[in-house]
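Residue numbers (this note's numbering), protein chains in the order written: chain A, 1 to 387; chain B, 388 to 730. Here a beta-carbon is modelled for each residue, glycine too, at the ideal position from N, C-alpha and C. Read the structure below first, then the notes.
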């Protein structure tokens, strides 16, 4: 199996293509603003006199076509977070993440100075049986693929997988990467109460590593219970402050990454490409408590190949933080090469993503360029030419 | 010595255990307590009285020796959470237990007034009793503050039943040390390698506790309340932006008087227990050096158990980007001012 470094090197020498075999050679970006008829010249991002590519690694879409498939069952079988996701589908006219309202999305991207978005769908189908999950994923992945095919210089596709059925998820990854031109897949922080480190998911991780798929971990509140968990689901996140989201989201991501580290998944699959939402939750910003554990309780902290915090330097993180100091700290802990632009589009978490990075004190031009899009362009295997 | 000045170092996160075995024996025999990790459930958590957090002569001697050897001039001692939190007790038992604990802490302080200050216990499950215990502890026993868990038997600290407690804390201006004892509601997710009930559960419990006090309006109602958040204020101290964003931009969040991070600048102190210089620099950059106080988690800071900060004062002295004034403030000046310890 090739390592990630070999992979990137081989790709570079072979001539990077964009969005799969059917579009080999489509020269990325060369005619992008003009072709789309959008005057974007004043919104282009320049650093040190050079046009810089911006790629948003955290952007949501929804495919309303699947509403009919899930509407009767998600209430009965899903978590409240699943229902929260799915309910958005019932009114496509008001759905800002609607995959079919492309013109609005492109206009927003222009305003936010985003050249490319990597779009994904937050999982809400982990309760579904194999047949239903298969249908949902197929429809969604084909629609995402079609969006990317229609706008190959503006969108990268991160597909869906039915992770509750790991062997099915493996097939979906094969099809998604090899036939549909997807660059990776979005998963939740746990699956029906099961940790991502469970041995049951090893086939998924093995295939993700083999395909060098970009795996985006996006939480759905703690254990899939969403922004407003019922008191029974999570009694501690009641009251003011939307704690199901504000604490639940970064907590779920923290648990996901921690289990992948502590339970040995990262040791078994060291070349995974994993990107964690919301700057990785609490974990990279509060990285060192886990390092005390092997010394304090060697009998309860089985040895890993590295200190727990060292693994944080091999994940990627989106830039959804809210102050220069928080970003400075994240970069100090994980390194600028691990931080990529993220907006959480269409939510309002980060409407000035590019400016935040351009204004971030203490970064070099090279570092800003990498964070804004350079790193994701490599990970998504994009060939970028500006005219 | 910092910048030519001798700085009195005060460790605000240092634990002790007062012998209450006769008062709790029956309870723990009927309800063995989980000591965490391979410690498992035990019926007599007080079995080994030679351990360094106890109050007998040899343990106090060992404590003083540790302090001397590690450049710690004073400790503000608090009970080791877990089996020393007696939130299960009825009013009568709770009254006796807390009295014994607080008198034990006060005795240590009286015997070594230049080495110790005391953070007492309170029976939070009986809020009016807790208010009386605080009054007595401050006025009669000379305690400087009180330690509580991040929730009380599942009730958030912001629940209205605790208003008498917060009103008294506000009136006395005494320090309330919020020390977590894991996050019971998350235990299912803390299985597997890595002692996650502590490593994640503890900073999570503090995060949830502080978030409720902020978002549910408790700190607005009692603006004189001073809180110390253990382990650097949990996750919230190092990742405050998402809460600030919600408070300022989310239509789903009822307004509070200030941004969450601003409460840290006025009502919430953090201890320094984030283990790395970069982590500490980050906390100082977020809230200011006047909001951070030196803590080691003694006896977990001893070489036999490094869940605390075994580097102690060196973590502060070596932290990047802090000036001498910042270091002196964190190591002792902030606590000296708060506890009114003269020079």
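Own chain partners of residue i with C-beta closer than 7 Å, once the 5 adjacent residues on each side are dropped
| i | result |
| --- | --- |
| residue 83 of chain A | 74, 75 |
| residue 377 of chain A | 53, 55, 384 |
| residue 569 of chain B | 584, 585, 588, 589, 592 |
Residue range of the alpha helix (DSSP H) that includes residue i
| i | result |
| --- | --- |
| residue 139 of chain A | 130-150 |
| residue 727 of chain B | Per DSSP, residue 727 of chain B belongs to no alpha helix (DSSP H) and is neither H nor E. |
| residue 599 of chain B | 588-602 |
| residue 102 of chain A | 102-111 |
| residue 640 of chain B | That residue, residue 640 of chain B, is in no alpha helix (DSSP H); it is neither H nor E in DSSP. |
| residue 117 of chain A | Segment 116-120 is the beta strand (DSSP E) holding residue 117 of chain A; no alpha helix (DSSP H) there. |
| residue 330 of chain A | 324-334 |
| residue 57 of chain A | Note, residue 57 of chain A: premise wrong, no alpha helix (DSSP H); beta strand (DSSP E) at 55-60. |
For residue j and residue i, the rounded distance between their alpha carbons
| i | j | result |
| --- | --- | --- |
| residue 630 of chain B | residue 104 of chain A | 29 Å |
| residue 190 of chain A | residue 551 of chain B | 41 Å |
| residue 401 of chain B | residue 252 of chain A | 31 Å |
| residue 215 of chain A | residue 383 of chain A | 21 Å |
| residue 649 of chain B | residue 675 of chain B | 11 Å |
| residue 626 of chain B | residue 633 of chain B | 13 Å |
| residue 172 of chain A | residue 161 of chain A | 6 Å |
| residue 187 of chain A | residue 163 of chain A | 8 Å |
| residue 611 of chain B | residue 379 of chain A | 52 Å |
| residue 248 of chain A | residue 637 of chain B | 16 Å |
| residue 679 of chain B | residue 90 of chain A | 49 Å |
| residue 310 of chain A | residue 302 of chain A | 16 Å |
| residue 213 of chain A | residue 266 of chain A | 15 Å |
| residue 275 of chain A | residue 477 of chain B | 50 Å |
| residue 445 of chain B | residue 296 of chain A | 24 Å |
| residue 174 of chain A | residue 224 of chain A | 26 Å |
| residue 452 of chain B | residue 701 of chain B | 18 Å |
| residue 232 of chain A | residue 220 of chain A | 17 Å |
| residue 596 of chain B | residue 235 of chain A | 13 Å |
| residue 406 of chain B | residue 488 of chain B | 8 Å |
| residue 698 of chain B | residue 293 of chain A | 15 Å |
| residue 254 of chain A | residue 290 of chain A | 11 Å |
| residue 663 of chain B | residue 50 of chain A | 38 Å |
| residue 667 of chain B | residue 341 of chain A | 26 Å |
| residue 544 of chain B | residue 178 of chain A | 53 Å |
| residue 122 of chain A | residue 92 of chain A | 17 Å |
Residue range of the unbroken beta strand (DSSP E) whose run includes residue i
| i | result |
| --- | --- |
| residue 173 of chain A | Run containing residue 173 of chain A: none in the beta strand (DSSP E); it sits in the alpha helix (DSSP H), 166-178. |
| residue 503 of chain B | 503-507 |
| residue 472 of chain A | Only positions 1 to 387 of chain A appear in this structure, which leaves residue 472 of chain A out of reach. |
| residue 398 of chain B | 397-403 |
| residue 616 of chain B | 613-616 |
| residue 316 of chain A | 316-318 |
Sequence-distant residues of its chain with Cβ nearer than 6 Å to residue i (five each side left out)
| i | result |
| --- | --- |
| residue 180 of chain A | 141, 145 |
| residue 720 of chain B | none |
| residue 530 of chain B | 505, 507, 524 |
| residue 201 of chain A | 166 |
| residue 441 of chain B | 404 |
| residue 715 of chain B | 389, 394 |
| residue 421 of chain B | 428 |
| residue 615 of chain B | 562, 564, 656 |
| residue 365 of chain A | 47, 48 |
| residue 583 of chain B | 577 |
beta-carbon residue i near the ligand FAD non-hydrogen atom, thresh 7 Å
| i | result |
| --- | --- |
| residue 633 of chain B | What this structure holds is no ligand at all, so the ligand FAD is not there to describe. |
Same chain, Cβ closer than 8 Å to residue i, five either side skipped, listed in chain order
| i | result |
| --- | --- |
| residue 86 of chain A | 67, 70, 71, 74, 78, 124 |
> Below 8 Å, can you find three or more Cβ-Cβ pairs linking the segment 372-385 of chain A to the segment 428-437 of chain B?
Replying inline: Contact fails between the segment 372-385 of chain A and the segment 428-437 of chain B, because fewer than three Cβ pairs, one in each stretch, are under 8 Å apart.
>> Threshold first: 4 residues or longer. Then list the alpha helix (DSSP H) segments lying entirely within the segment 182-216 of chain A, N to C.
In response: List check, alpha helix (DSSP H) in window: 202-211.
> Would the segment 601-613 of chain B and the segment 327-335 of chain A be scored as touching if the rule is three or more Cβ pairs under 8 Å?
Replying inline: By the Cβ rule, the segment 601-613 of chain B does not count as touching the segment 327-335 of chain A, because fewer than three pairs are nearer than 8 Å.
>> For the structure I just gave you, are there three or more beta carbon pairs, one from the segment 684-700 of chain B and one from the segment 407-414 of chain B, closer than 8 Å?
In response: Contact between the segment 684-700 of chain B and the segment 407-414 of chain B is absent, with fewer than three C-beta pairs closer than 8 Å.
> Taking three-plus beta-carbon pairs below 8 Å as touching, is the segment 651-666 of chain B in contact with the segment 340-354 of chain A?
Replying inline: Taking 8 Å as the limit for Cβ pairs, the verdict is that the segment 340-354 of chain A does not touch the segment 651-666 of chain B.
>> Could you check whether the segment 553-565 of chain B touches the segment 487-499 of chain B, counting it as contact only if at least three pairs of C-beta atoms, one from each stretch, sit closer than 8 Å?
In response: No, the segment 553-565 of chain B does not touch the segment 487-499 of chain B.
>> If contact is defined by three or more beta carbon pairs under 8 Å, each pair taking one atom from either stretch, is the segment 454-465 of chain B in contact with the segment 390-399 of chain B?
In response: Under the Cβ criterion (8 Å, minimum of three pairs), the segment 390-399 of chain B counts as touching the segment 454-465 of chain B.
> Contact between the segment 512-521 of chain B and the segment 568-580 of chain B: three or more CB pairs below 8 Å?
Replying inline: No contact exists between the segment 512-521 of chain B and the segment 568-580 of chain B.
>> Please give me, in chain order, every unbroken run of the beta strand (DSSP E) with length at least 3 that falls completely inside the segment 654-714 of chain B.
In response: Taken in chain order, the complete beta strand (DSSP E) segments of 3 or more residues contained in the segment 654-714 of chain B are 655-658.
>> Does the segment 422-431 of chain B come into contact with the segment 709-719 of chain B, if we say contact requires no fewer than three beta-carbon pairs (one atom in each stretch) closer than 8 Å?
In response: Segments in contact, no.
> Should the segment 149-156 of chain A be called in touch with the segment 92-112 of chain A, which here means at least 3 C-beta pairs below 8 Å?
Replying inline: Enough Cβ pairs lie closer than 8 Å, so yes.
> What runs of the alpha helix (DSSP H), each 4 residues or longer, lie entirely inside the segment 341-368 of chain A?
Replying inline: Counting only runs of 4 or more, we get 353-358.
> Where are the beta strand (DSSP E) runs, 3 residues long or more, that stay fully inside the segment 466-497 of chain B, in chain order?
Replying inline: The qualifying runs do not exist here; there are none.
> Per the contact definition of three or more C-beta pairs closer than 8 Å, is the segment 353-372 of chain A in contact with the segment 310-321 of chain A?
Replying inline: Yes, the segment 310-321 of chain A is in contact with the segment 353-372 of chain A.
> At which residue ranges does the segment 257-297 of chain A contain complete alpha helix (DSSP H) runs of 4 or more residues, listed in the order of the chain?
Replying inline: For the segment 257-297 of chain A, the full-length alpha helix (DSSP H) segments reaching 4 residues or more read 265-268, 289-296 along the chain.
>> Suppose only complete runs of 3+ residues qualify. What are the beta strand (DSSP E) ranges in the segment 431-470 of chain B, listed by chain order?
In response: DSSP runs (the beta strand (DSSP E)) wholly in the segment 431-470 of chain B: 461-466.
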